[in-house]
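Engineer: Let me begin by handing over the structure; questions about it come next.
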Amino acid sequence: MATIVLSTTLVACVEQQDHLTIAGGTLFAILIRMINRYPALRQRLFAPNGNLTDQWNVYLNDEDVPLQHWQHIMVQPSDKIHILYAGGRSYCPNN
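With positions in the sequence shown counted from 1, the corresponding number in the working numbering is that position plus 149.
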């Protein structure tokens, strides 16, 4: 299973976990499995029309993966995926 390392802004959506393991396939399929397991992620990662938003940067083994390639890139069980907020700063609603 691939390891997904989440941005701190997403941790609250996944029961305070900063790492997840999800069965492989394409990067897009892994993201779909992840939001099926943790539905609160759907509104954070996907636009209302069902498309992935561009506010997140996704890295596969430390390499940036452009949004248009998520559906085609195969992920191996030993791979590490990082999902980071593209803005570069965290959002804290209480501040």
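All residues carry an ideal CB built from backbone N, CA and C; glycine is no exception.
1. Give me the Cα-Cα distance between R191 and L209, rounded to the nearest whole angstrom.
2. Where does the unbroken alpha helix (DSSP H) through I181 begin, and where does it stop?
3. I need the DSSP call for A196, collapsed to helix, strand or coil.
4. Measuring CB to CB, does I153 end up less than 8 Å from I181?
5. Is DSSP giving H168 helix, strand or coil here?
Structural biologist: In terms of the structure at hand:
1. On the sequence shown, residue 191 is found 42 positions in, with the first residue counted as 1. On the sequence shown, residue 209 is found 60 positions in, with the first residue counted as 1. Taking C-alpha positions only, R191 is separated from L209 by approximately 20 Å.
2. Along the sequence shown, read from residue 1 onward, the residue named residue 181 stands at position 32. Run containing I181: L176 to R186, per the alpha helix (DSSP H) assignment.
3. The residue you call residue 196 lines up with position 47 of the sequence shown. Coil, per DSSP.
4. Within the sequence shown, the letter at position 4 stands for residue 153. Within the sequence shown, the letter at position 32 stands for residue 181. No; because the gap between Cβ atoms is not below 8 Å, this pair is not in contact.
5. Locating residue 168 in the sequence shown gives position 19, counting from the first residue. In the structure shown, H168 sits in a strand (DSSP, three-state: E or B).
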